[in-house]
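*Asks:* Supplied in structure tokens, the structure appears directly below.
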Amino acid sequence: MKLQTYFKASAAPAVLGLALLAQPAMAQDSDDQTVVGPVEGAEVTGDGAVGNQILVTGTRIKQPNLESASPVTVVGAAEVAQTGTTRVEDLVNSLPQVFAGQGSTVSNGSTGTATLNLRGLGAERTLVLVNGRRLVPGDPSTSAADINVIPAAMIQRVDVLTGGASSVYGADAVAGVVNFVLDTEFEGFKFDTQYSFYNHNNRAGSDVTNALDARGFPYPRGMGADGGTFDATLAFGSSFDDGRGHAMGYVGYRKINPVTQNKRDYSACALSGAAAGGYTCGGSATSPNGSVFYFDSPTGLPGDPDFTSTAGQFGPNRTLLPGTTAYNFAPRNYYQRPDERYTAGVFADYEISPALHPYMEFMFMDDRTVAQIAESGNFGNTTSINCDNPLLSAEQLGVFCDTENLLVSPDPDRAFDVVGNTGEAPFTFVDATGTAYQRGAAQILRRNVEGGPRQDDLQHTSYRAVLGLRGDLDPVWSYDAYYLYGRTNFAQTYLNDFSVSRLQRALDVVDDGAGNAVCRSVVDGTDPNCVPYDIFSPGTSAPSADAINYLAVPGFSRGIVSEQVASAYVSGALGNYGIQSPWASEGVGIVLGAEYRKESLDFQSDISFQTGDLAGQGAPTLPVSGSFDVKEFFTEVRLPIVQDSWLSEFYLTGGYRYSDYSTGATTDTYKIEGELAPIRDIRFRAGYNRAVRAPTVQDLFAPQRVALDGSTDPCSGAPIAAGDIGCLASGLEVGDIVAPNPASQYNGLIGGNPDLVPEIADTYTVGVVVEPTFLPGFSASVDYFNIKVEGAIQGIGADTILEQCDRDTADPFFCGLVVRDGSGSLWRSSNGYVEDLSQNIGKLATSGIDVQAGYNRQIGSAGRLSFSFVGTWLDSNRFNPGVPGLEDTECVGLYGNICGTPTPEWRHQARVGFDFTNGVGASVRWRHFGAVDLDNLSATTPPGIAGFDAQNYFDLAFTFEVGDNYNFRLGANNILDKSPPLTGQQACPAGFCNGNTFSQVYDALGRYIYAGVTLDF
12 MKLQTYFKAS
22 AAPAVLGLAL
32 LAQPAMAQDS
42 DDQTVVGPVE
52 GAEVTGDGAV
62 GNQILVTGTR
72 IKQPNLESAS
82 PVTVVGAAEV
92 AQTGTTRVED
102 LVNSLPQVFA
112 GQGSTVSNGS
122 TGTATLNLRG
132 LGAERTLVLV
142 NGRRLVPGDP
152 STSAADINVI
162 PAAMIQRVDV
172 LTGGASSVYG
182 ADAVAGVVNF
192 VLDTEFEGFK
202 FDTQYSFYNH
212 NNRAGSDVTN
222 ALDARGFPYP
232 RGMGADGGTF
242 DATLAFGSSF
252 DDGRGHAMGY
262 VGYRKINPVT
272 QNKRDYSACA
282 LSGAAAGGYT
292 CGGSATSPNG
302 SVFYFDSPTG
312 LPGDPDFTST
322 AGQFGPNRTL
332 LPGTTAYNFA
342 PRNYYQRPDE
352 RYTAGVFADY
362 EISPALHPYM
372 EFMFMDDRTV
382 AQIAESGNFG
392 NTTSINCDNP
402 LLSAEQLGVF
412 CDTENLLVSP
422 DPDRAFDVVG
432 NTGEAPFTFV
442 DATGTAYQRG
452 AAQILRRNVE
462 GGPRQDDLQH
472 TSYRAVLGLR
482 GDLDPVWSYD
492 AYYLYGRTNF
502 AQTYLNDFSV
512 SRLQRALDVV
522 DDGAGNAVCR
532 SVVDGTDPNC
542 VPYDIFSPGT
552 SAPSADAINY
562 LAVPGFSRGI
572 VSEQVASAYV
582 SGALGNYGIQ
592 SPWASEGVGI
602 VLGAEYRKES
612 LDFQSDISFQ
622 TGDLAGQGAP
632 TLPVSGSFDV
642 KEFFTEVRLP
652 IVQDSWLSEF
662 YLTGGYRYSD
672 YSTGATTDTY
682 KIEGELAPIR
692 DIRFRAGYNR
702 AVRAPTVQDL
712 FAPQRVALDG
722 STDPCSGAPI
732 AAGDIGCLAS
742 GLEVGDIVAP
752 NPASQYNGLI
762 GGNPDLVPEI
772 ADTYTVGVVV
782 EPTFLPGFSA
792 SVDYFNIKVE
802 GAIQGIGADT
812 ILEQCDRDTA
822 DPFFCGLVVR
832 DGSGSLWRSS
842 NGYVEDLSQN
852 IGKLATSGID
862 VQAGYNRQIG
872 SAGRLSFSFV
882 GTWLDSNRFN
892 PGVPGLEDTE
902 CVGLYGNICG
912 TPTPEWRHQA
922 RVGFDFTNGV
932 GASVRWRHFG
942 AVDLDNLSAT
952 TPPGIAGFDA
962 QNYFDLAFTF
972 EVGDNYNFRL
982 GANNILDKSP
992 PLTGQQACPA
1002 GFCNGNTFSQ
1012 VYDALGRYIY
1022 AGVTLDF
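In my numbering, the protein residues as written are 12 to 1028.
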């Protein structure tokens, strides 16, 4: 995506490092200290000699006075300082082109990484570069890069290019490119440190506090401070041998303290939208007192038409009470994960001669974080209870072991087949000692509040090394060749989860003949360590510590993701051969190159993960390994047609890449771009790019398994009626009552597909750049973009499938993908799920207009005024699973279980600043997110989840220069401490929705205050 071009302008690195704000990429005078974007108009000597290296994203052609034909937004070092950024994803996510990805406020479903998602097309369709070269995939679960490896203090600028760039950089550049250009030319000694924290006044309205009060849940009020972050980076650099060589290095440390959801009143419980308005405190049926599902009828007689599944809960003194009590799982969940990160890097180059210039890069990161969610327990993992259990009272035995509730088969696939719904005789079980007994249906959901929250300890250790050689062969030809090796070592340790197999043994309790309640497995010798788990008398008899210790088992998984790239190209300025237009002062520029890339994955999990024995995981975590490689040839040609003649400028650029994958697929990617400037003040640009995304190793080889995949079951809750056609088509019968999952989590069959082929994307951009000579320092651009992805690698989506197979709709194709277990459920056992495997049938598309503007002006002797603006209007953001007859789902202005994170029609950020000559600077930033509605909004939608109003945040930053060596910064983001918009569990898909809001989109924790200093010698 980025091309390297060189120029001799010694002031340029310092200007870029200190003066760049978020601005459109446009040509500027390299001597102008008011640089507002990447230096595309940098001067190069006539013979094309190499000076300081500047990377220009979107091309590899080395040529003077380049201007970007593709829309590029630049975020510079000054913006990093003025936002108080220590997490780079927060910086980039503030741009309107970027949607929420993995980050620090994701807990349930966190990978422990930080990813970028351009245009909402997915993190795996966004290519991330460092200094114009790939960043290694960050986790075994995805090909997306983990930008935790990027030290914020070393960023010189970030280039964000819209649209496909596969012809330049290869696969994955579908939505665009994010290129982190680090300050590798730094000289001297620099120490940068910062401390930041969140400050919030808990003042939620009665719609939230009434819900909390109704359940008696505690919640904070008034002002508080938490989530402290310490960040420090030490850098050093120097040239040597009379400037022919240069070396620099850095080391960094960052520690982030956690914030739990009980620290905010609006997240102190899991909200649920109420039909009458406001909220109630929802929660999980897996409660401390223990919920239980069993079968019953009013008469107790076989064939009773009212025979159905019934919910109850254990009560004091071994009683059985009606209904369930939802457990508030929110308080223990992390709103902000704790994180500790170490980084280091070395960059060096040495000019042996103009033709031989070796260089190297090395980057290291060790990042460890913990994702914490509510306690584990029995999540319905056991579905029956033995009728010779001495821990059950006569009342409880009378219900569970009533004849109509007895199991008729030992087959786990018939776990919900009982006498009352089959008419068969009860099955007689016989244990290893010869004892005969029967079992009654009793699916137990009991929260392990004695054992503490589940903690997913995630560690990523990343290495990235580049060895290269570049140089000028003669005044026409130059070259660049390098080898890149990247590797991420992944280590996961999952704590405080329960073993399903041990749960089954610990609940299968018998009398040992001496009046002692012991596990049957102790009596028959299959597990002498088993300890009975007595959960049948909450409030009067608690489970023993020995039982908790027996049940709790850790889970371990390890993985290695690696990437190798060998790339080489030659670049020619053919003007010296006379190959140029008669109206142009420059000749044709050309690039010819070849590249080899190999992606490998080796992921291993322990037996607890593999067998699905961990109760709180939702599905087995299976090993996966594999690799693929690709051999490529690429070329690029830039033709200056007119320069400073009857037009100011007119350029055409074309590119092509041929890729041959080891999986058998081949792809052709290409681009054609043009730039036309009738006068110097205005430039029109347009481009077409064909891009691809290759399937990842996980896409190809991940084992198929049942896992949590959906958020709704439209057939649950109310009895099935004769008109509920989709529910009947999926296997239910009139009168059935399917229990909903209080936590809104449902199963899907997911997994890899070795027959997948690369996705194909087409990107169109058309825009205009204005740099009026009568208003020095001002620049603006308006660009239209249109991206379409065909053959997208994705599942249809469990919720999308169920939308077409619900009470009102019965599409045969979609209903054929719905597999219900014996109770009709999609969550009570792994036998109920929605088939949602990856296929090459999806379609994605987005279009809109980007508006960018910047102004930098010296105001007499007072100082310098600066202004920047970046906004995006979305015309469309839609997807289609590719099933014939199914209309596109449009997500602009929507959020929810179908569209996911909020997708506002309009979003922008703007900053106004003034730097006084005495070294004091101040700026204000305005961030705006447009309003969104629920994606399945209807007349019955509870008002509390119907949508979010437009959100506006204001940030204030101060900088202070003291002498030549000290730069202080102080600021607050969300200065007005605006609380986030809230939703309920019905529209809060697990993952990016955390704490009743979309915490990666909105400012979820309140006011962010930071103070830092940079010592530069």
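Where is the CB? At the ideal position from N, CA and C, for every residue including glycine. Values in this document were obtained by computation on a predicted structure and should not be read as measured data.
Who are the Cβ neighbours of F661 in its own chain at under 6 Å, not counting the five residues just before and after it?
*Replies:* Within the sequence shown, numbered from 1, the residue matching residue 661 stands at position 650. Taken in chain order, the residues that qualify are I652, V653 and L687.
*Asks:* So who's on the other strand from P892, going by DSSP bridges?
*Replies:* As a first step, residue 892 is located in the sequence shown; it is residue number 881 there, counting from the start. Answer is none; P892 lacks a bridge partner.
*Asks:* Mind checking which residues open and close the alpha helix (DSSP H) that includes L104?
*Replies:* Position 93 of the sequence shown, counted from the start, is the residue given in the question as residue 104. The residue asked about is misnamed: residue 104 is Asn in this sequence, not Leu. Note, N104: alpha helix (DSSP H), V99 to N104.
*Asks:* Give me the residue from L981, L760, V717 and C1004 with the minimum Cα distance to Q205.
*Replies:* Residue mapping note: residue 205 aligns to position 194 of the sequence shown, counting from 1. Considering only alpha carbons, the answer is L981.
*Asks:* Buried or exposed for A222, please, with buried defined as at least 16 other CB atoms from any protein chain shown within 10 angstroms of its CB.
*Replies:* The sequence position of residue 222 within the sequence shown is 211, counting from 1. Buried, since its Cβ has 16 or more Cβ neighbours within 10 Å.
*Asks:* With a 10 Å radius around its C-beta and 16 neighbouring C-beta atoms as the bar for buried, classify Y1019 as buried or exposed.
*Replies:* Here residue 1019 refers to the residue found at position 1008 when the sequence shown is read from its first residue. Classification for Y1019: buried.
*Asks:* On a CA-only basis, which of I860, Q715 and D847 is nearest Y775? Give me that one, please.
*Replies:* Taking the first residue of the sequence shown as position 1, residue 775 is located at position 764. Out of I860, Q715 and D847, I860 has the C-alpha closest to the C-alpha of Y775.
*Asks:* Mapping the DSSP letters down to three states, classify A1015 as helix, strand or coil.
*Replies:* Here residue 1015 refers to the residue found at position 1004 when the sequence shown is read from its first residue. A1015: coil per DSSP, three-state reduction.
*Asks:* Take the Cβ of F796 as the centre, count every other Cβ of all protein chains shown within 10 Å, and call the residue buried at 16 or more, exposed below.
*Replies:* As a position in the sequence shown, residue 796 is number 785, starting the count at 1. So F796 counts as buried.
*Asks:* Going by beta-carbon coordinates alone, are G120 and G1002 separated by less than 7 Å?
*Replies:* In the sequence shown, counting from the first residue as 1, residue 120 sits at position 109. In the sequence shown, counting from the first residue as 1, residue 1002 sits at position 991. Contact flag set, yes.
*Asks:* For the alpha helix (DSSP H) that contains D557, what are its first and last residues?
*Replies:* Translated into the one-based positions of the sequence shown, residue 557 becomes position 546. Unbroken alpha helix (DSSP H) run through D557: A556 to L562.
*Asks:* Taking T124 as the reference, which of G131, P148, S105 and S578 has the closest Cα?
*Replies:* Translated into the one-based positions of the sequence shown, residue 124 becomes position 113. Checking every option, the nearest Cα to that of T124 belongs to P148.
*Asks:* Can you round the beta-carbon distance between Q108 and L129 to whole angstroms, since I take them to be within the 8 Å contact cut?
*Replies:* By 1-based counting over the sequence shown, the position of residue 108 is 97. By 1-based counting over the sequence shown, the position of residue 129 is 118. Indeed, because the Cβ distance is near 6 Å, the residues count as touching under 8 Å.
*Asks:* Using the DSSP secondary-structure output, state which residues sit across from N947 in a beta bridge.
*Replies:* Position 936 of the sequence shown, counting from 1, holds the residue named residue 947. Beta-bridge pairing links N947 to no other residue.
*Asks:* Can you tell me where the alpha helix (DSSP H) with G737 in it begins and where it stops?
*Replies:* The residue labelled residue 737 in the question sits at position 726 within the sequence shown. From DSSP, the alpha helix (DSSP H) with G737 extends over I736 to A740.
*Asks:* Between D491 and L367, what straight-line distance do the alpha-carbon atoms span, to the nearest angstrom?
*Replies:* Against the sequence shown, residue 491 aligns to sequence position 480. Against the sequence shown, residue 367 aligns to sequence position 356. Cα-Cα distance, rounded: 10 Å.
*Asks:* Output the residue ranges of the beta strand (DSSP E) runs that lie fully inside the stretch 749 to 780 and measure 3 residues or longer, sorted by chain position.
*Replies:* 757 to 761, all fully within the stretch 749 to 780.
*Asks:* May I have the straight-line CA-CA distance separating A156 from A258, to the nearest angstrom?
*Replies:* The residue labelled residue 156 in the question sits at position 145 within the sequence shown. The residue labelled residue 258 in the question sits at position 247 within the sequence shown. Those two C-alpha atoms are separated by around 26 Å.
*Asks:* Compare the Cα-Cα distances from S177 to each of S670, P229 and L650 and report the closest residue.
*Replies:* Taking the sequence shown and counting its residues from 1, the one referred to as residue 177 is at position 166. Of S670, P229 and L650, the residue nearest in Cα terms is S670.
*Asks:* Checking 7 Å against the spacing of the C-beta atoms, do L245 and Y180 come in under that value?
*Replies:* Locating residue 245 in the sequence shown gives position 234, where the first residue counts as 1. Locating residue 180 in the sequence shown gives position 169, where the first residue counts as 1. Their beta carbons are not under 7 Å apart, which means L245 does not touch Y180 by this criterion.
*Asks:* Over the uninterrupted beta strand (DSSP E) stretch that includes V11, give me the two end residues.
*Replies:* This structure leaves residue 11 out entirely; the chain is present only between 12 and 1028.
*Asks:* T1008 to F959, Cα distance in whole Å?
*Replies:* By one-based count along the sequence shown, residue 1008 stands at place 997. By one-based count along the sequence shown, residue 959 stands at place 948. Answer to the nearest angstrom: the Cα atoms are 10 Å apart.
*Asks:* Can you give me the Cβ contacts of R875 inside the same chain, cut-off strictly under 6 Å, excluding the 5 residues immediately before and after it?
*Replies:* Counting from one through the sequence shown, the residue named residue 875 turns up at place 864. Only Q869 and D926 meet the Cβ criterion.
*Asks:* Looking only at its chain, what residues have a beta carbon closer than 6 Å to the beta carbon of A164, apart from the 5 residues adjacent to it on each side?
*Replies:* Counting from 1 along the sequence shown, the entry for residue 164 is found at position 153. If we look at A164 and ignore the five residues flanking it on each side, its Cβ neighbours are D203 and T244.
*Asks:* Beta-carbon separation of A563 and V542 under 7 Å?
*Replies:* As a working note, residue 563 is residue 552 in the sequence shown. As a working note, residue 542 is residue 531 in the sequence shown. Against a cut-off of 7 Å, the Cβ pair of V542 and A563 comes out as no contact.
*Asks:* Using only CA atoms, which one of R71, S79 and N985 lies nearest to R694?
*Replies:* Looking up residue 694 in the sequence shown gives position 683. Checking every option, the nearest Cα to that of R694 belongs to S79.
*Asks:* Between which residues of its own chain and T380 is the CB-CB distance below 7 Å, once the five residues before and five after are set aside?
*Replies:* Along the sequence shown, one-based indexing puts residue 380 at 369. Cβ neighbours of T380 beyond the five flanking positions: G123, R348, P349, D350 and L469.
*Asks:* So, helix, strand or coil for A22, using DSSP?
*Replies:* For this step, residue 22 is matched to residue 11 along the sequence shown. Because the pLDDT at A22 is just 34, under 50, the model does not fix this residue reliably, and the point stays unresolved.
*Asks:* Excluding five sequence neighbours on each side, which residues of the same chain lie with their C-beta closer than 6 Å to the C-beta of D624?
*Replies:* In the sequence shown, counting from the first residue as 1, residue 624 sits at position 613. S510, V511 and S512.
*Asks:* If you pair each beta-carbon of the stretch 229 to 245 with each one of the stretch 287 to 296, do three or more pairs fall below 8 Å?
*Replies:* Touching, no.
*Asks:* Give every residue of the same chain whose Cβ lies closer than 8 Å to the Cβ of V225, excluding the five residues on either side of it in the sequence, and list them in chain order.
*Replies:* Here the question's residue 225 lines up with position 214 in the sequence shown. Val is not the amino acid found at residue 225; the sequence shown has Ala there. Hits under 8 Å: T291 and C292.
*Asks:* Would you report the Cα separation of E6 and L102, rounded to the nearest angstrom?
*Replies:* The question about residue 6 has no answer, for the chain in this structure spans 12 to 1028.
*Asks:* Quick one: residues in its chain with C-beta nearer than 6 Å to the C-beta of N984, no 5 flanking neighbours on either side, listed in chain order?
*Replies:* Indexing the sequence shown from 1 puts residue 984 at position 973. Cβ within range, chain order: D966 and Y1019.
*Asks:* Nearest-angstrom Cα distance between V117 and D988?
*Replies:* For this step, residue 117 is matched to residue 106 along the sequence shown. For this step, residue 988 is matched to residue 977 along the sequence shown. If I take the Cα positions, the gap works out to 21 Å.
*Asks:* Can you look up K989 in the DSSP assignment and give me helix, strand or coil?
*Replies:* Position 978 of the sequence shown, counted from the start, is the residue given in the question as residue 989. Residue state, collapsed to three classes: coil.
*Asks:* How about D170 and V99: are their beta carbons less than 7 Å apart?
*Replies:* As a working note, residue 170 is residue 159 in the sequence shown. As a working note, residue 99 is residue 88 in the sequence shown. The answer is no: Cβ separation not under 7 Å.
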